[in-house]
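In full-length UniProt numbering, the protein residues as written are 1 to 220. Where a beta carbon is used, it is the ideal one built from N, C-alpha and C, also for glycine. Here the structure is a predicted model, which means the values were calculated and not measured.
Printed below as a string of structure tokens:
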């Protein structure tokens, strides 16, 4: 069961998303909030698997709320997926830097939203299917210090190869097929790389790969 806290300042949006999620056998909405401050409190109170967080809200916006959740060791198991009205904007870049595991646009297909939550739970993807890889390239090409202290030399050659494939958007199953490994072995390599580099999730692992030159950002 995927336990979700839903945070959006528009009651109609919350109602629609909750109806969609509650109709699924493997997803449960455990609480709702109307601003970022409530979102942080509800995350601490319920320890959900995912906080589905709107970006722009009164009192405290979704970016600051995400930053507080990501920086709280007690909430290390909580993943934040951002909701935004636009597919590519400054809010998205700032949300990823704040520690969001990914984001979905509000006009995405219902099936894509459900899939985004499920792949976030698997730790197997960075962004929803509605988002192009151009976003990743633009994000990581910008100055950032998300993993400035990480050391590439800590990784084995195999782990470096795995991290590069993660940065190219491959899932664990796709990595396993590419490298002729079992899916479990691929997942283990990803997990070890994240641990060695101090990455909270695959989003930070991707940022590290680009910033350290392990892969090159695309310009198109």
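Residue 54: member of the beta strand (DSSP E) spanning 50 to 54, first to last residue. Boundaries of the beta strand (DSSP E) around residue 6: 2 to 7. A straight line joining the alpha-carbon of residue 167 with that of residue 95 spans about 18 Å. Two segments are said to touch when three or more pairs of C-beta atoms, one from each, lie closer than 8 Å; by this definition the stretch 3 to 16 does not touch the stretch 69 to 77. Across the structure, residue 24 and residue 101 are spaced so that their CA atoms are roughly 22 Å apart. For residue 164, the uninterrupted alpha helix (DSSP H) segment begins and ends at 157 to 167. DSSP places residue 174 in the helix class (H, G or I) of the three-state scheme. For residue 45, the enclosing alpha helix (DSSP H) has its first and last residue at 36 to 46. Excluding its 5 nearest sequence neighbours in each direction, residue 173 has C-beta neighbours in its own chain below 6 Å: 183, listed in chain order. When secondary structure is reduced to three states using DSSP, residue 59 falls in the coil class, being assigned neither helix nor strand. Note that the C-beta distance between residue 117 and residue 17 is not below 8 Å. In terms of Cα proximity to residue 169, the closest of 207, 30 and 58 is 207. By the neighbour-count definition (other C-beta atoms within 10 Å, threshold 16), residue 159 is a buried residue. Look at residue 31 here: in three-state DSSP terms it is strand.
Listed in chain order, the non-local C-beta contacts of residue 33 below 6 Å within the same chain comprise 7, 39 and 42, local neighbours out to five positions each way being set aside. If the five residues before and after residue 63 are omitted, its C-beta is found closer than 6 Å to the C-beta atoms of 94, 95 and 98, all from its own chain and listed in chain order. Taking 8 Å as the cut-off, the Cβ atoms of residue 108 and residue 50 do not count as close.
With distances taken between CA atoms, residue 21 lies nearest to 52 out of 9, 52 and 44.
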